[in-house]
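Structure record follows, encoded as structure tokens.
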């Protein structure tokens, strides 16, 4: 099957799962704190680690990576990709680069949201 189609299918499933988790968390605990997003990001990172290790152990498959890692987890949370990338840098002994990546990602993410809000207003 075409990798782009696998990404699209996985992305739809991931997005639906994210919506369900965030909605359930808001109903159960209220919406005063983004607990649903926090839980989705933590769970997505855990699953991303499992998927990365599983793909590495079984021999990487372009189709499985496209569907699971890029599609499902990408639709569920892009924070999972951030976690995998950061820990790969640490594993490779590039801890300073990992720290710069974390700080830059946080600054750019928050800065991007602030800029988007300002532009919209």
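In this note's numbering, the protein residues as written are 139 to 259.
For each residue, glycine too, the CB sits at the ideal point set by N, CA and C.
Check: Going by C-alpha to C-alpha distance, which of 254, 243, 221 sits closest to residue 114?; Outcome: Given a span of 139 to 259 for the chain in the structure shown, any question on residue 114 remains unanswerable.
Check: Would you call the CB atoms of residue 163 and residue 174 closer than 7 Å?; Outcome: yes
Check: Skipping 5 residues on each side, what residues in its chain have a beta carbon closer than 7 Å to that of residue 203?; Outcome: 193
Check: Could you tell me the alpha carbon to alpha carbon distance between residue 146 and residue 251, rounded to whole angstroms?; Outcome: 25 Å
Check: Can at least three beta-carbon pairs, one atom from the stretch 181-188 and one from the stretch 236-252, be found at a separation below 8 Å?; Outcome: no
Check: Count the other C-beta atoms from every protein chain shown that fall within 10 angstroms of the C-beta of residue 186, then say buried if there are 16 or more, exposed otherwise.; Outcome: buried
Check: For the stretch 157-201, which segments carrying the alpha helix (DSSP H) assignment without a break, of at least 4 residues, lie completely within its bounds, in sequence order?; Outcome: 173-196
Check: Would you please verify whether the beta carbon of residue 147 is less than 7 Å from any beta carbon of chain D?; Outcome: As a matter of chain content, chain D is missing from the structure shown, which is built from one protein chain.
Check: Does the distance from the CB of residue 144 to the CB of residue 201 come in under 7 Å?; Outcome: yes
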